[in-house]
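A.B. asks: Here you go, one structure.
Number of protein chains: 2
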Amino acid sequence: MKHLAFCFFLLIAHPLLSQKPVRQEPAFKVVPLGVLGGIDESNLSAYLVAAAGTNEYIGLDAGTIYAGIEKAIRNKVFNGAASDIIKKQISGYFISHAHLDHVAGLIMTSPNDSTKTIYALPSSMKLMQDHYFNGYTWANFGDAGKGYLIKQYHYQTLAAGEEIAVTQTGLKVTPYVLSHVHPFESTAFLVNNQGSYLLYLGDTGPDEVEQSNRLKQLWERVAPLIRAGTLRGIFIEVSYPNNQPHKKLFGHLTPAWLMKEMNVLAGLTGSKALKGLNVVITHGKPPMHKIAELQRELKANNPLGLNLIFPEQGKQIKL
Amino acid sequence: MKHLAFCFFLLIAHPLLSQKPVRQEPAFKVVPLGVLGGIDESNLSAYLVAAAGTNEYIGLDAGTIYAGIEKAIRNKVFNGAASDIIKKQISGYFISHAHLDHVAGLIMTSPNDSTKTIYALPSSMKLMQDHYFNGYTWANFGDAGKGYLIKQYHYQTLAAGEEIAVTQTGLKVTPYVLSHVHPFESTAFLVNNQGSYLLYLGDTGPDEVEQSNRLKQLWERVAPLIRAGTLRGIFIEVSYPNNQPHKKLFGHLTPAWLMKEMNVLAGLTGSKALKGLNVVITHGKPPMHKIAELQRELKANNPLGLNLIFPEQGKQIKL
């Protein structure tokens, strides 16, 4: 009787038999330091990512750093002083593009920062060096460019499609070019933690509007990871609700455009493969009622069954 | 007996006889939107100023706008939505210099702003046009410079020493050049409300360190106003405590350097004229314990009897 009960327990507990998905251990922890696509200086695009089980973060974009860390401390995600956490727990920043809402926090915290690396594609790195860290609008905290070089930051220019390892973090990162109001470039970063992946997209317009195939190429790159079950989540922007005029997208996505792009991805993976995929929606542009509107629209029209996640500043996400 | 008591009342109540200063009606209201000299993106130099009795503000610097307005709304200094207040109650921004901690809020709120004017000396205006509103790092919301001109902002270049009227506010403003790490320029703005004055200084080093006479010239300009009792207050920076090494001032003041400059001013006005003068201390640089230290040092060594005011974000000051 005892044995019978144990066999029955095995039967209902076995994941395949009970039809429940196998729950994976998290591979990444993410701390959003800023989640909005503009206006509010205290909450602009910036996401810290670490391999699960470690406290060595990389920053994906850097719109708001200090105020986001302060919020995370209030939420007990971090312990200690904000300036210490910035100095000791962030190894470097990957910048998707040089629009100020993606880099202001890095610039502002630079006088109190430690030695670290700034990673960007050549087009974005040039703008950083020409217009921010140039000795005029700000001291040049880097190791190349104009003015006196403070050399606190190493400027590491990236090559699209080439993976690089980030020392101390256990993470590897591959950049891919995005189109953000043609011909301006933005970047997607594919973060690799020992074969588990996280994809972060900076600002991007839809291929159809941008007259581009950058997103299609990116979907082709990550489709095998989705099929293999190793892509833990996609961070992608939805800046406006659907009533934003087509001609006023300014290189951004709406819920309808996101779902159109997700359908392109589904065409590569099969639509079942996207069911439950974590899709973290970034860069909503205030006013807040428009962000609430775009969130409603996303939830109301999600035939692929994506697991839509709306990140909050200073609240940890495990993926 | 009744008459005698009334005479006695007059005697103690008369301001000259009772030695109490005559209390003036406020001429200005000021709402600090950001008070720190760096690091925290949510609280950087920006001060709204209106003639008392009106709600038509000008901005003196624009490091943090949205997050500061939100704070002021929470403090019941403003009513309504932050984006409406920014659009409707701020007529224009006077920029002391183009370092990002003095302009980031203006850039960030620009996509949701109304038509208004940006005022700056030619050197600062050029940096704004070349490096921020340039069509690369940000759209050009102005009416001159590079890229597509959105023309939401009129760029009004100022001439040092020439007063201009700001329409709708009742205020007139005169800029004066300051030295902020020679040869870089910053600006002081003298705001005039029908013969009552407020002096706001952007970042500045001491004349002795800057090898300059910009501050001396400014003190000569305002000394007659102080003697006449029409200068309602001076907003001036103290970025570091006194233990900041002389060679690491980076164009800023310490408590000791401020008092040295105030002594130059006292030499022009007589030291009694400075007693009780409102001096609003701006731009303290985090960490916060250093700001507490410089505030203690200022209070401990104030032989002129200045009325030292430490502004708080979103809390109104009447002068």
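Chains A and B are the protein sequences, given in the same order. Following the numbering used here, the numbering of the first sequence begins with 1 at its first residue and continues without gaps. Following the numbering used here, the numbering of the second sequence begins with 1 at its first residue and continues without gaps. Glycine is no exception: its CB is placed at the ideal position from the N, C-alpha and C atoms. Quantities reported herein were computed from a predicted structural model and do not represent experimental measurements.
1. Mind checking which residues open and close the beta strand (DSSP E) that includes Pro-32/B?
2. Distance, Cα to Cα, Thr-109/B vs Asn-112/A?
3. Under 7 Å between C-beta atoms, does Leu-11/A make it to chain B?
4. Using a Cβ-Cβ distance under 7 Å, would Asn-112/A count as near chain B?
5. Closer than 9 Å, Cβ to any Cβ of chain B: which residues of the region 130–158 of chain A, in chain order?
6. So does the region 182–191 of chain A actually touch the region 88–102 of chain A, counting three or more Cβ pairs closer than 8 Å?
7. Would DSSP call Asn-112/A helix, strand or coil?
8. In three-state terms, what does DSSP make of Pro-175/B?
9. Quick check: what's the CA-CA separation for Ile-291/B versus His-182/A?
10. Find out if the Cβ-Cβ distance for the pair Ile-65/B, Val-166/B is shorter than 7 Å.
11. Could you check if Glu-261/A is buried or exposed, using at least 16 other CB atoms within 10 Å of its CB as the buried criterion?
12. Going by alpha carbons, who is nearest to Pro-245/A out of Pro-255/A, Phe-78/A, His-283/A?
13. Taking any Cβ of chain B, which residues in the region 38–53 of chain A have a Cβ under 9 Å from it, in chain order?
14. If we define contact as Cβ-Cβ less than 7 Å, is Ser-83/B a contact residue for chain A?
15. Using alpha carbons as the reference points, say which of Glu-293/B, Asp-207/B, Lys-272/B lies closest to Gly-305/B.
16. Taking only the alpha-carbon atoms, compute the straight-line gap between Ala-62/A and Asn-243/A and give it to the nearest angstrom.
17. Report yes or no: is there a C-beta of chain B within less than 7 Å of the C-beta of Ala-292/A?
18. Return the residues of the region 57–70 of chain A that lie within a Cβ-Cβ distance of less than 9 Å from chain B, sorted by chain order.
19. With distances taken from CA atoms, which of Gly-229/A, Ile-234/A, Leu-258/A is nearest Pro-241/A?
20. What residue ranges within the region 92–141 of chain A form continuous alpha helix (DSSP H) runs of no fewer than 4 residues, ordered along the chain?
21. Quick one: is Ile-73/A near chain B, going by C-beta distance under 7 Å?
22. Can the beta-carbon of Ala-27/B be found less than 7 Å from the beta-carbon of Arg-227/B?
23. Suppose contacts are defined by Cβ-Cβ distances below 7 Å. Is Arg-214/A in contact with Leu-178/A by that definition?
24. Drop a sphere of 10 angstroms on the beta-carbon of Lys-151/A, count the other beta-carbons inside from all chains shown, and report buried for 16 or more, exposed for fewer.
25. List the residues of chain A that Ala-98/B touches, going by C-beta distances under 8 Å, in chain order.
26. What is the C-beta distance between Leu-249/B and Gly-284/B, in whole angstroms, given that I count them as a contact (C-beta under 8 Å)?
27. Check Gly-80/A in the structure and name its three-state DSSP category.
28. Taking Ala-104/A as the query, report the chain B residues whose CB atoms sit under 8 Å from its CB, ordered along the chain.
29. Does the region 76–87 of chain B touch the region 33–40 of chain B, meaning 3 or more C-beta pairs lie closer than 8 Å?
30. Note down, in chain order, every chain B residue with its Cβ under 8 Å from the Cβ of Pro-287/A.
31. Buried or exposed for Ala-389/A, going by 16 or more other Cβ atoms inside 10 Å?
32. Using a Cβ cut-off of 9 Å, pull out every chain B residue sitting near Leu-127/A, in sequence order please.
33. Compare the Cα-Cα distances from Glu-297/B to each of Ala-50/B, Val-238/B, Tyr-47/B and report the closest residue.
34. Return the first residue and the last residue of the beta strand (DSSP E) that Thr-269/B is part of.
35. Which residue's Cα is closest to the Cα of Asp-203/B: Thr-174/B, Thr-157/B, Ile-236/B?
36. Applying the criterion that 16 or more other CB atoms from any shown protein chain within 10 Å of the CB defines a buried residue, is Gln-194/B buried or exposed?
C.D. replies: Looking at the atomic coordinates:
1. Locating residue 32/B in the second sequence gives position 32, counting from the first residue. Residue range 28–34 is occupied by the beta strand (DSSP E) that includes Pro-32/B.
2. Sequence index remark: in the second sequence, residue 109/B carries index 109 (1-based). Sequence index remark: in the first sequence, residue 112/A carries index 112 (1-based). Straight across, the Cα-Cα distance linking Thr-109/B with Asn-112/A is about 25 Å.
3. Here residue 11/A refers to the residue found at position 11 when the first sequence is read from its first residue. Only weak support is given to the placement of Leu-11/A: the predicted model assigns it a pLDDT of 47, under 50, and the question is left unresolved by the model.
4. As a position in the first sequence, residue 112/A is number 112, starting the count at 1. With 7 Å as the cut-off, Asn-112/A counts as an interface residue toward chain B.
5. Asp-130, His-131, Tyr-132, Asn-134, Tyr-136, Thr-137, Trp-138, Ala-139
6. yes
7. Looking up residue 112/A in the first sequence gives position 112. Helix.
8. As a first step, residue 175/B is located in the second sequence; it is residue number 175 there, counting from the start. Three-state DSSP puts Pro-175/B in a strand.
9. As a first step, residue 291/B must be located in the second sequence, where it is residue number 291. As a first step, residue 182/A must be located in the first sequence, where it is residue number 182. For Ile-291/B and His-182/A, the distance between alpha carbons rounds to 46 Å.
10. Against the second sequence, residue 65/B aligns to sequence position 65. Against the second sequence, residue 166/B aligns to sequence position 166. Contact: no.
11. Start at 1 with the first residue of the first sequence, and residue 261/A comes out as number 261. Buried, since its Cβ has 16 or more Cβ neighbours within 10 Å.
12. Start at 1 with the first residue of the first sequence, and residue 245/A comes out as number 245. Taking only the C-alpha atoms, the option nearest Pro-245/A is Pro-255/A.
13. For the region 38–53 of chain A, the set of positions with a beta-carbon nearer than 9 Å to some beta-carbon of chain B reads Gly-38, Ile-39, Asp-40, Glu-41, Ser-42, Asn-43, Leu-44 in chain order.
14. As a first step, residue 83/B must be located in the second sequence, where it is residue number 83. Judged by the 7 Å Cβ criterion, Ser-83/B is in contact with chain A.
15. Here residue 305/B corresponds to residue number 305 of the second sequence, with the count starting at 1. Comparing alpha-carbon positions, the option among Glu-293/B, Asp-207/B, Lys-272/B lying closest to Gly-305/B turns out to be Lys-272/B.
16. Residue 62/A sits at position 62 when you count from the first residue of the first sequence. Residue 243/A sits at position 243 when you count from the first residue of the first sequence. Cα-Cα distance, rounded: 29 Å.
17. The residue you call residue 292/A lines up with position 292 of the first sequence. Taking 7 Å as the CB threshold, Ala-292/A stays off the interface with chain B.
18. Gly-63, Thr-64, Ile-65, Tyr-66, Ala-67, Gly-68, Glu-70
19. Counting from 1 along the first sequence, the entry for residue 241/A is found at position 241. If we check each option's Cα against that of Pro-241/A, Leu-258/A comes out closest.
20. 104–109, 122–127
21. Residue mapping note: residue 73/A aligns to position 73 of the first sequence, counting from 1. Closer than 7 Å: no.
22. Numbered from its first residue, the second sequence carries residue 27/B at position 27. Numbered from its first residue, the second sequence carries residue 227/B at position 227. No, Cβ-Cβ distance for Ala-27/B and Arg-227/B is not below 7 Å.
23. Counting from one through the first sequence, the residue named residue 214/A turns up at place 214. Counting from one through the first sequence, the residue named residue 178/A turns up at place 178. Against a cut-off of 7 Å, the Cβ pair of Leu-178/A and Arg-214/A comes out as a contact.
24. To locate residue 151/A, count along the first sequence from 1; it is residue 151. Flag for Lys-151/A reads exposed.
25. By 1-based counting over the second sequence, the position of residue 98/B is 98. Chain A residues near Ala-98/B: Tyr-136, Thr-137.
26. By one-based count along the second sequence, residue 249/B stands at place 249. By one-based count along the second sequence, residue 284/B stands at place 284. Leu-249/B to Gly-284/B, Cβ: 14 Å. No contact.
27. Numbered from 1 along the first sequence, position 80 holds the residue referred to as residue 80/A. Gly-80/A: coil per DSSP, three-state reduction.
28. Against the first sequence, residue 104/A aligns to sequence position 104. Going along chain B in sequence order, the residues near Ala-104/A (Cβ under 8 Å) are Glu-41, Leu-100, Ala-104, Met-108.
29. no
30. Taking the first residue of the first sequence as 1, we reach residue 287/A at position 287. The answer, in chain order, is Ala-81, Ser-83, Asn-112.
31. No statement about residue 389/A is possible, as the shown extent of chain A runs from 1 to 319 and does not include it.
32. Stepping through the first sequence from its first residue, residue 127/A is reached at position 127. Tyr-136, Thr-137, listed in chain order.
33. Position 297 of the second sequence, counting from 1, holds the residue named residue 297/B. If we check each option's Cα against that of Glu-297/B, Val-238/B comes out closest.
34. The residue given as residue 269/B occupies position 269 in the second sequence. Run containing Thr-269/B: none in the beta strand (DSSP E); it sits in the alpha helix (DSSP H), 255–269.
35. Start at 1 with the first residue of the second sequence, and residue 203/B comes out as number 203. Closest by alpha carbon: Ile-236/B.
36. For the purposes of this step, residue 194/B is taken as the residue at position 194 of the second sequence. Per the 10 Å Cβ criterion, exposed.
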